[in-house]
Amino acid sequence: MPELPEVETTRRGIEPACLGQTITEVIIRQRSLRWPIPRGIEQKLKGAVFNKVGRRAKYLLLELERNIARNNYATLIIHLGMTGTFRVLKQGTTAKKHDHIDILLGNNTLLRLRDPRRFGAFLLTTEPIEKHHLLSNLGMEPVLHDYTAEEVGKHLYTQSRKRKTSIKSLLMDQKIITGVGNIYACESLFLSGIHPKRGCNRISERHYLTLAEAIISTLTTSIKQGGTTLQDFRNSEGKPGYFQQQLLVYGRDDESCTKCGAIIYKITQNQRSSWYCPRCQH
DNA sequence: CGTATCTCCTGCAAGC
DNA sequence: TGCTTGCAGGAGATAC
360 MPELPEVETT
370 RRGIEPACLG
380 QTITEVIIRQ
390 RSLRWPIPRG
400 IEQKLKGAVF
410 NKVGRRAKYL
420 LLELERNIAR
430 NNYATLIIHL
440 GMTGTFRVLK
450 QGTTAKKHDH
460 IDILLGNNTL
470 LRLRDPRRFG
480 AFLLTTEPIE
490 KHHLLSNLGM
500 EPVLHDYTAE
510 EVGKHLYTQS
520 RKRKTSIKSL
530 LMDQKIITGV
540 GNIYACESLF
550 LSGIHPKRGC
560 NRISERHYLT
570 LAEAIISTLT
580 TSIKQGGTTL
590 QDFRNSEGKP
600 GYFQQQLLVY
610 GRDDESCTKC
620 GAIIYKITQN
630 QRSSWYCPRC
640 QH
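Convert by adding 359 to the 1-based position in the first sequence; the result is the number in my numbering.
This is how it looks when you write it as structure tokens:
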């Protein structure tokens, strides 16, 4: 499931393949993703050049330039949802089931979006990207903007004072901090010794600093490993990530805690699974 | 406004 | 073996 490290891995993979390249054709086989892919987007994309391959939270932001003199810019917003992959392939590679979109480039390669569960998004906007409704309310970006652990911890501490929700829920709230999905929330809480059900306003500033350090190190390490592959994720070259080999609690119910040997528990919070060590996390 | 619940979708696995 | 059922989950929409 693409979370921040998987999206960043994808971003880094496609960047060299498409920067400066012209879109020669766009093929869409399935238009019903999370939102219907707008009619006519193929024609709007054709002829455009990739200017920048960016990211905000779990959104890939592909900046396009259509006509330099007229200053005609647009941004392609891509979200990988639950099962999305975005890969660089040679033109002529046969499309399989769930290969919904091909973007053909001038250098005889193509970018292919595959998304079996179709929770992803593929949208085009011309408004300033920070004002787009999907992005305008996003919270602190923990890795991309190079925030220090002190800044992230202080931010979480401040935000948590007026809230009643659990710390797990706070971490999963993209308006507070972006890119921390279920896997990395569970892992970060384990590393910092905080119980996922703990009320977020009952955690000290000092503990928030520890948590922030855990979040940053977990995300950074995972990006270095190419992300986490549980079942579906593949990077832009079709290769899996390797971070799952060092997941400490996620998906490990009934196994022994690597720190203390206690049995890892699995509980449900906000309709989501949480894993934690009952002895290490309070 | 903050929080909980529902929803989209497909593939896999467990259970009968 | 083959069916049904449950579950996985990012995040917007909706209800309270």
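Each residue gets a CB set at the ideal place from its N, CA and C atoms; glycine is no exception.
None of these values were measured; they are calculated from a predicted model.
What is the rounded straight-line gap between the Cα of residue i and the Cα of residue j?
i: Phe409; j: Leu464; result: 10 Å
i: Tyr516; j: Thr537; result: 15 Å
i: Met531; j: Pro487; result: 26 Å
i: Thr485; j: Tyr432; result: 6 Å
i: Glu596; j: His641; result: 41 Å
i: Glu546; j: Thr577; result: 7 Å
i: Gln450; j: Glu384; result: 11 Å
i: Leu647; j: Ala573; result: Past the boundaries of the shown model lies residue 647; the chain is included only from 360 to 641, so the question cannot be answered.
Which same chain residues, not among the five before or five after residue i, have their C-beta less than 8 Å away from its C-beta?
i: Arg393; result: His438, Gly440, Arg477, Phe478, Gly479 and Ala480
i: Cys639; result: Phe549, Gly552, Cys616, Lys618, Cys619 and Ala621
i: Ser632; result: Asn541, Lys625 and Ile626
Starting from residue i, trace the alpha helix (DSSP H) both ways and give me its first and last residue.
i: Gln605; result: No alpha helix (DSSP H) holds Gln605; DSSP gives it neither H nor E.
i: Arg371; result: Leu363 to Cys377
i: Ser528; result: Ile526 to Met531
i: Glu401; result: Ile400 to Leu404
Keeping to the same chain, check which residues put their C-beta closer than 6 Å to that of residue i; ignore five residues upstream and five downstream.
i: Thr569; result: Ser551
i: Thr444; result: Arg473 and Arg593
i: Glu422; result: Asn410, Lys411 and Thr434
i: Leu448; result: Leu469 and Arg471
What residue range does the beta strand (DSSP E) around residue i cover?
i: Gly413; result: Val408 to Arg415
i: Glu384; result: Ile382 to Ile387
i: Ile562; result: Run containing Ile562: none; DSSP gives neither H nor E here.
i: Gln628; result: Tyr624 to Gln628
i: Ser547; result: Segment Asn541 to Ser551 is the alpha helix (DSSP H) holding Ser547; no beta strand (DSSP E) there.
i: Trp634; result: Arg631 to Tyr635
Within the same chain, show all residues whose beta-carbon is closer than 7 Å to that of residue i, passing over the 5 residues directly before and after it, in chain order.
i: Gly406; result: Thr381, Ile382 and Arg425
i: Ala571; result: Ala508, Val511, Gly512 and Leu515
i: Ser391; result: Arg477
Three or more C-beta pairs below 8 Å linking the region 517 to 530 and the region 594 to 612: no
Segments of 3+ residues assigned as beta strand (DSSP E) that fall wholly inside the region 437 to 516: 444 to 449, 458 to 464, 468 to 473 and 480 to 484
Any 3 or more C-beta pairs closer than 8 Å across the region 492 to 501 and the region 452 to 468: no
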